[in-house]
Each structure stands twice: as C-alpha cells, then as structure tokens.
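Undergrad:
Protein chains: 2
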Amino acid sequence: MAKRKAVSIKDVARESNASLTTVSLVLNNRDGRISRATRERVLDAVERLGYRPSRLAQSLQSQRSGFLGILVPQLRHAFADVYFGELISAIQETAGENDYKIILDVANPRYLERSHHLELFRRHYVDGLLCLGVTNNDTYLADFSEDQPVIVVNNRVSGVDLDFVQCDYSEAGRIAAKHLCELGHKKIGYIHGATEVQTTADLRDGFEEVLDQLKLPLPESRAEDGLYTEEGGAKAAIALLTREPTITAIFAGNDKMAIGAISGLKRIGMRVPDDVSVIGCDDVHQAEYCDPPLTTIHTPIYEVGARACGLLLDLISSKAQVVRETQPVSLTVRKSTAASGKGRNGAVK
Amino acid sequence: MAKRKAVSIKDVARESNASLTTVSLVLNNRDGRISRATRERVLDAVERLGYRPSRLAQSLQSQRSGFLGILVPQLRHAFADVYFGELISAIQETAGENDYKIILDVANPRYLERSHHLELFRRHYVDGLLCLGVTNNDTYLADFSEDQPVIVVNNRVSGVDLDFVQCDYSEAGRIAAKHLCELGHKKIGYIHGATEVQTTADLRDGFEEVLDQLKLPLPESRAEDGLYTEEGGAKAAIALLTREPTITAIFAGNDKMAIGAISGLKRIGMRVPDDVSVIGCDDVHQAEYCDPPLTTIHTPIYEVGARACGLLLDLISSKAQVVRETQPVSLTVRKSTAASGKGRNGAVK
DNA sequence: TAGAATAGATAAAACCTTTTACCGAATCGA
DNA sequence: TCGATTCGGTAAAAGGTTTTATCTATTCTA
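Going line by line, the protein sequences match chains A and B.
Position 43, counted from 1, in the first sequence is what this note's numbering calls 43; the numbers after and before it change by one each time, with no gaps.
So the number in this note's numbering is just where the residue sits in the second sequence, counting from 1, plus 349.
1. Can you list the residues of chain B that A/Asp105 reaches, using a CB-CB cut of under 9 Å?
2. Looking only at C-alpha atoms, which of A/Thr22, A/Thr38, A/Ile88 and A/Phe67 sits nearest to A/Tyr302?
3. I'd like to check one pair, B/Ile611 with B/Cys630: are the Cβ atoms closer than 8 Å?
4. Give the straight-line distance between the Cα atoms of A/Val272 and B/Arg616, rounded to the nearest whole angstrom.
5. Can you tell me the Cα-Cα spacing of A/Glu220 and A/Glu171, whole angstroms?
6. In chain order, what residues of the same chain lie with their CB nearer than 7 Å to the CB of A/Asp138, ignoring the 5 residues before and after it?
7. Going by beta carbon distance, what residues of the same chain come within less than 8 Å of A/Ile247, once the five residues before and after it are set aside?
8. Please go through the segment 396-438 of chain B and give each complete alpha helix (DSSP H) segment of 4 or more residues, from N-terminal end onward.
9. Taking the Cβ atom as the reference point for each residue, do A/Ala234 and A/Asp255 lie within a distance shorter than 8 Å?
10. Do you know offhand how far A/Gly264's Cα is from A/Ala237's?
11. Going by beta carbon distance, what residues of the same chain come within less than 8 Å of B/Ala688, once the five residues before and after it are set aside?
12. Using three-state DSSP, classify B/Val697 as helix, strand or coil.
13. Given a cut-off of 8 Å, decide if B/Leu479 and B/Ile452 are closer than it, judged by their beta-carbon atoms.
14. Determine the direct distance from the alpha carbon of B/Val391 to that of B/Phe428, and round the result to whole angstroms.
15. Going by CA-CA distance only, name the one from B/Gly602, B/Glu558 and B/Gly609 that's closest to B/Gly581.
16. Taking B/Asn447 and B/Leu662 to be in contact with their CB atoms under 8 Å, please state how far apart those CB atoms are, rounded to whole angstroms.
17. What in chain B is Cβ-close to A/Phe376, meaning under 8 Å?
18. Are the C-beta of B/Tyr689 and some C-beta of chain A separated by less than 8 Å?
19. Identify whether B/Lys584 lies in helix, strand or coil by the three-state DSSP scheme.
20. I want to see whether chain A comes within less than 8 Å of B/Leu409, judged by CB atoms only; does it?
21. Under 9 Å Cβ-Cβ, which residues of chain B neighbour A/Ser350?
22. How many Å lie between B/Thr549 and B/Gly602 at the Cα?
23. Between A/Tyr169 and chain B, is there a C-beta pair that is closer than 8 Å?
24. Check the Cβ-Cβ distances between B/Gly609 and every residue of chain A, and say whether any is below 8 Å.
25. Here's a check: name, in chain order, each residue in its chain whose Cβ is nearer than 6 Å to the Cβ of B/Val372, leaving out the five neighbours to either side.
26. From the DSSP output, which residues share a beta bridge with B/Arg673?
27. Is B/Cys658 helix, strand or coil by DSSP?
28. Between B/Ala607, B/Ile628, B/Val514 and B/Leu398, which lies nearest to B/Glu364 when the distance is taken from Cα to Cα?
29. So with Cβ pairs under 8 Å, would you call A/Ser221 a contact of chain B?
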C-alpha cells in the first residue's frame, strides 16, 4: 500500500470552507468566538478526513515536547530488574495520566561522553528528566543547569545539589537493627551494596546507629560487599560465615542480595532462619515467594516513582521550585528471621 | 535562573556572517560546495554559541520522529517483570545504536478506547512500533494499516496478519516432553499460562505432540492454569497433586510459574526433584538462583528483542517488506528434574 | 572578448501548528 | 444616523529546520 499523505489542518480548512485559524480555534476551543454553524462544519470535516494534529508541529510551536525522560544506569540488563521496573511502572502511569509520554535512555559511557544527557534538553527531546539508580560517581549530574527540570529518584548525590524524592533509608537501617536485636541476635553480619550509592550509606548509618546504642557495634570483619546481586549476596553470606562462624543473623542491603544470601547459606548447610536469620530491604514482589519467605523492610518504591513524576511535572509548570522529599518505610515480618539460638549452638557443622 | 532562550540556526548565521542555508549545508555536510573558509567560520560560531539543532524542527521537516514505540500490555506491574525487562533492554540497546530513541506506552483499556495506539502513528509520535506481551484477545492490532511499521515481539496473533519475531515454542514444548520422558516420567502434569496467548498454544501443541507419540497423552485433569504468575504456579501445582497424587513431574509454561510450583510443592511437603520434577520455560536469570536451581528451556529473549528492533528499522527504511522469524530454543538442565522413582513411591505422604 | 561553465552563497518555499492583530458586518445606544 | 460595540472570521507571523531554485561573481573556452 502506498504511503498516503497525512491530512493537515489545511485540508480541513479547505474541506470545511473555513480558514486555518478557524479550524485551529475550534479544535482547541479557544473562547466561544466561533458560531455554532461554523463549528459543526469544521468538526464534520475533521471527522470525515480523520484529521489529527501533528504533535511535531504543535511541539515546535509550543516549545514543549510533551515527553519526560527516564535515565537509567547501564547495569547488566537494566530493565530486567524489579526495582527499576517498579519505578518505571509508577512513572509511566503518572506521566500518562497527565498526557505526557516517556522516553527511556540508558546512561552508558558512550552516551555520557557525547553529552547525550544534555542533548535531551538542548535538542528538545524532553521537558523534564528523572534519574534512576544514581550513584555518587555519577558526576555528570552536575552538568544540568538550574532551569532544566531534573529529579533524582530514590537517591541523592552527595555534593551535587539536585532535587530528589527518596525513601527513608536511615530509618530502614534502624528498623532492621532493632528487629534483629529484639530477636536476641548479638552477632550480626551485614551485606552491603555498592558503596558509592548514597542510600547505601544512609542505610548503614541507621543500622550502625542502633547497634552502637545497644553496645553491639559492627566490626569491619562482619561487613561484606554483595554487589547488589543475587550471586554477590550468596558469596558474601558464605564469606561472612566462613570468617565469623558465630554470626546468627544477616542484614542485606536489598532483597536480591538477601535472597542470594539465603541460597548461599543453604549451600554451606545452614538453615534459614533456624541457624541464621536473614533480613532484606525493599520488599520486592519475589520476597514473598522465596524459601523461606523473606522478612524485609518495605520501601514504598512505587509511591516514590509516582511522586517523583508528579513533582517533576510541577517543576516543569513552575508550580514548584525545589523538590526534597523523603517517604517513610516499614517492617514486613515473614519467615526468614527468628529468635536467636533456635538452631545450632554457635558453630558451623 | 531565567530561562535563557535557545540558540537557533539563525543566530549562528548572524554570528558567522553566512546565510541560514550555508549553515545548514555545513552542518549536514551536503556536497562539498562550501569553501573551507566559510565552513570554518560557521563551525566556529556553532562552537561559540553552543548551537544544537532542534530535533522538533528537524522532525517536522523530515517527517520522521526518530522514535520507536514499545507497547506493553497492562499487567499488574508491567515493567517489574524480567521477561519484559529483557526485551526492553534489547530493544533499547539496538535502537540506541541506530540513533533512535524509544517511547514506552502501556495499552490499558482507556488507552485503546481512545485509539492512542493509532495516534502513535497519526500524530507522528513514532516511526515504528514493537508490541510486547500480545494475546489473541488483542484485536486492536488489526487496526494498524499496512504502511505502518509494526512488529509483534515473541508472539503472534491468530487471525491477524502481522509481522513477528518469536522463539520456537512448539520446539520448546517438544524438548520439555522429551526430557521428562527420558527421565522415565509417565504421569506428567502441565501448568499453562493464559490460554489466549498464541505461544502458549504452540508450547502445549509441541508438548502434547511428543506425549502422544509416546502413548502418554495428557488428560485434561492433569492440566491447570497458573496465570503466568508465581502465586498461580504454586496454587496450580498444589491443585494438580491433590487431584492426581501420582504425578511425578510438572512442566510449567514459564519459569515464574515453575518457581511458584516448586514453592507450592514444598508447602504440601513434596521435595523437588526427589518427589516431583519441575521444568520451566524461559530460562530467566532467577532460574539459576532458586532452590533447587531450575531446569528449563532456554529461549533467546534478548536476541528476539534485538532482532525485532533491527527488523523494524528495516521496515521503516523499506529495506524489508515482511518480517516472519522464528528463533531456536534449547534445554538447560539444572537440579529441579531427576529420574522418576527416586523419592516417595507414588503417594503423597 | 564574448559566451559558457563553475564555484560559492543565498532567498524562499515547505513541513504544520498556534496566536496575534486586524477587518468587515451587524447590532446597539444615544 | 453616527459612532461604538460585538460578533464571526481571517491574514500573517512565528516556531526552527532542510531543500530547491536562483543569483552573482569568477574562471575557462573558443
């Protein structure tokens, strides 16, 4: 089939014996200046021709693209990740409700080197930008100027003064520590994610704050990097229990690592929670279905995404100037944590 | 900071004492008609002013948006899904390599009712569209006209003649059946996903084809809907073994349900694979980390996504007219399947 | 040296809207 | 009946590119 030419507002004007302006006024119902008769004639022609205004021409004229950008880091498979998935769902939905569409970009080295993140604004790709999975290494975030609406989602960048919406990770750390201590655990291991992530630091700070208060400080030998992955979590758990066999509980910085940790512990013959309790952070969907179901800190990721998107729109329409929000978190108890001392008595079998 | 006005090609022309045309010609290096001196003068001005052409104006002029659309169905949390995540990663990457950006849309009822899927083309949002997670109920796919580049990714729609790229699910079904039969299983249960998905039908057809050949046909009482979710898989597995306690193996239509099935089996005191073998389909990342690691059919999802995107670009540039591709699949053996008869002897404890 | 060919640059049209400023006709008040 | 409103509608500009057709020097050919 031949590529039929798109019908433009001119065609409608001709078809309805009206001027361009009249058609435009009718379509955007600008004040009631057009007579009922003319209006109907125009609408008729629109219907007959199946006319739809070109958003390219509209955007060029209005100088607004109608797009919001989502910038995600280049991870192994960035989108095959429940955490990002949840945020993207929330953003997509909120944007849609406000007649915005979203553009998905991945900030890989080549991308940044060519300043594609700046092109996003300079070349009018987007009206605003949401940055996901940001770390303190992401210095390119400092490139954005004040008049470009950018919000960092569920993170902050230390040293760079950007708008953000995040969960209360310090509180999450405190809650995890309290929960484990209340169950009687004294020797607690910690599996952290990439240390260049600001929220990781927050989480640990909160965690250690409580441990310190209870005179159960966390020695460096009981902390291990789990790389924010399942495999990393498994290896970290094994390393921790090999080095310090008397550990009875582990706090993992996210559910992925926690699930990996459980898997790792099983590999070395440990039972969860009988021998070792494990608590995660995030409360991903999967946390309910692993074995045993994971006790974790619920972080309102979806809400953070939706809120960030809503506030970005406020930023764009100048309804807001500055955005700094922190959302509350809560404990979700399942089966992966139990009172200390139920299982083996202090030694790896 | 005040919103400073964007610099346009006019500014560059003025700054470099050349005409609009000259600047444009230099920037797009159209034939070598411009003298070296002028060229340098223009480039200098571009640099000095930090000029970047507006993609809105360019698109309006060229009648190409430079965007590819991804249309996903409205699932609970569409993007928080490894399957879609993998496809989206692949598409995003391939698109990026070809200087295309991607737009993410969710086909919810409201969206379709308002024909937003058609607006995508009519209003010049995208140059081409990739449809994910399509089912036979998605009749709106018939709305697209021949001159609109649309590819259905990893699915087909029976009755609608659309381009597609998919994995060989019939073969996947055959492989699963052969594997279980070779291990000596005679009573095999089947957990299927939504029956309105064409690939589900393919999978079952292949599966039953082999079972029939071996004179081990699948009675309806040994098939159960697992809703393509973990929870559904768990419930389906429990239902199957309650109804037919002598089942020794289960084939689940995807890994999510397989993982759910394992979880469900454990709940009713069954060991995997000792009492019941479980095989999935997809080979998601997580399959390696569940307990026990899941035997499954590897489907090259990433490759399918990348290929679909590449072919869509061919469609757009008229390098291709029709797209019909089927990618091969393979068996990945892990720990969730074992020879029949290792465990209990035919009865639920 | 006239006429043709070529190099270098540009004016203007086209892409499709929205919006501003303006115009003519009808209505109204005095 | 004149001047002021109001009503219904339109021409033209603006938004930022690319491309086509055109124009002016300059160089070449005969």
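Glycine included, every Cβ here is placed at the ideal spot set by N, Cα and C.
TA: With the given structure in hand:
1. Gln441, Gly445, Lys450 and Ile451
2. A/Ile88
3. no
4. 16 Å
5. 21 Å
6. Val157
7. Lys187, Ile188, Gly189, Arg222, Leu240, Leu241 and Val276
8. 404-411
9. no
10. 6 Å
11. Leu532 and Gly533
12. In this prediction, B/Val697 has a pLDDT of 40, which is less than 50 and means its spatial position is unreliable; nothing more can be read from the coordinates.
13. no
14. 45 Å
15. B/Gly609
16. 6 Å
17. No answer is possible for residue 376 of chain A: it lies beyond the span of chain A, which begins at 1 and ends at 349.
18. Note that residue 689 of chain B is Ser in the sequence shown, not Tyr. Chain A, which has no Cβ nearer than 8 Å to the Cβ of B/Ser689, makes this no.
19. helix
20. yes
21. As displayed, chain A neither begins before 1 nor continues past 349, which places residue 350 of chain A out of reach and without an answer.
22. 7 Å
23. no
24. yes
25. Ile358, Val361, Ala362 and Val391
26. B/Phe513
27. helix
28. B/Leu398
29. no
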